[in-house]
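Engineer:
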Ligand SMILES: Nc1ncnc2c1ncn2[C@@H]1O[C@H](COP(=O)(O)OP(=O)(O)O)[C@@H](O)[C@H]1O
Ligand SMILES: Cc1cn([C@H]2C[C@H](O)[C@@H](COP(=O)(O)OP(=O)(O)O)O2)c(=O)[nH]c1=O
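In the numbering used here, the protein residues as written are 203 to 419.
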């Protein structure tokens, strides 16, 4: 198989199981003869903007972490620096899996603002990242849906067992995670930026069937 170059984005709450799904899907797609590349955002350790995000989430940096538009800009700049890499991966692989992408910015920024300001920031994220930064539009989103309490429990367990995975200011904000889950549902229902497949992250995902769907799409 060559030249398909599907851009498939995995979205969901912190601790939903996105990285685990990316690993499983890589194996399932590989078993079907597809070559798969993956990239996770923020690109901690690989981009100055991502490292500034991590520092802000863990250490504050004055009021930077409180600035919804400021933080969204840093995430967007991190992705903008990866645009060429995404295009190169796409031309060399059948599927490029992205663990978080533009929709993460829309979901988290909207969840952090009052409801009457949420629509505006979602629109701004699209205009900034797609129209101005020229980031490629994905072919599909996979929304890994789990109840916020389940995601929090998984993130907590992961933080206890893995070094360097301490929970950050967003992850430990239960209200934010609940609002974020609601925004994700709205983005999926409206087909924001690309079609969305909603997956039940508790019942478990049929990886073989999902791989077939993604390659056939
Ligand atoms: N389907 C699942 N059932 C139970 N635990 C899971 C499942 N998927 C992932 N986990 C566990 O939950 C934690 C968070 O998963 P991870 O893939 O790192 O989430 P994310 O990338 O969405 O933050 C990890 O410890 C992982 O082993
Ligand atoms: C990629 C991205 C993440 N985020 C948020 C979601 C998470 O709460 C936080 C960190 O991302 P996360 O995926 O949790 O990184 P890691 O699991 O490696 O710590 O940033 C945005 O608000 N906008 C974005 O564009």
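Glycine included, each C-beta is placed from N, C-alpha and C at the ideal position.
#1: How far does the beta strand (DSSP E) with residue 298 in it reach, from first residue to last?
#2: Pick from 365, 305 and 372: whose alpha carbon is nearest that of residue 338?
#3: From the DSSP output, which residues share a beta bridge with residue 213?
#4: Within a Cβ cutoff of 7 angstroms, which residues of the same chain sit near residue 360, ignoring the five residues on either side of it in sequence?
#5: So the alpha helix (DSSP H) residue 328 belongs to, where does it begin and stop?
#6: When you compare the CB positions of residue 396 and residue 259, do they come within less than 8 angstroms of one another, or not?
#7: Take residue 415 as the anchor and find which of 213, 230 and 215 has the nearest alpha-carbon.
#8: Between residue 335 and ligand 2, is the CB less than 7 angstroms from at least one heavy atom?
#9: In whole angstroms, what is the alpha-carbon distance linking residue 417 and residue 388?
#10: With a threshold of 7 angstroms, establish whether the CB of residue 386 neighbours any heavy atom of ligand 2.
#11: Under DSSP, the alpha helix (DSSP H) around residue 387 begins and ends at which residues?
#12: What's the gap between the Cα of residue 296 and the Cα of residue 280?
#13: Does residue 379 pass the burial test, meaning 16 or more other C-beta atoms within 10 Å, or should it be called exposed?
Structural biologist: On the basis of the coordinates in this document:
#1: Element bounds for residue 298: 297-301.
#2: Ranking the options by Cα distance to residue 338, first place goes to 305.
#3: Its beta-bridge partners are 345.
#4: Counting only Cβ-Cβ distances below 7 angstroms, and skipping sequence neighbours, we find 217 and 367.
#5: From DSSP, the alpha helix (DSSP H) with residue 328 extends over 317-328.
#6: No, they are not a contact pair.
#7: Minimum Cα distance to residue 415 is reached at 230.
#8: Flag unset: Cβ of residue 335 not near ligand 2.
#9: Rounded to the nearest whole angstrom, the CA to CA distance from residue 417 to residue 388 is 26 angstroms.
#10: Relative to ligand 2, even the nearest heavy atom lies 7 angstroms or more away from the CB of residue 386.
#11: Counting along the chain, residue 387 sits inside the alpha helix (DSSP H) bounded by residues 376-392.
#12: C-alpha separation (whole angstroms): 24 angstroms.
#13: With 16 or more Cβ atoms within 10 Å of its Cβ, residue 379 is classed as buried.
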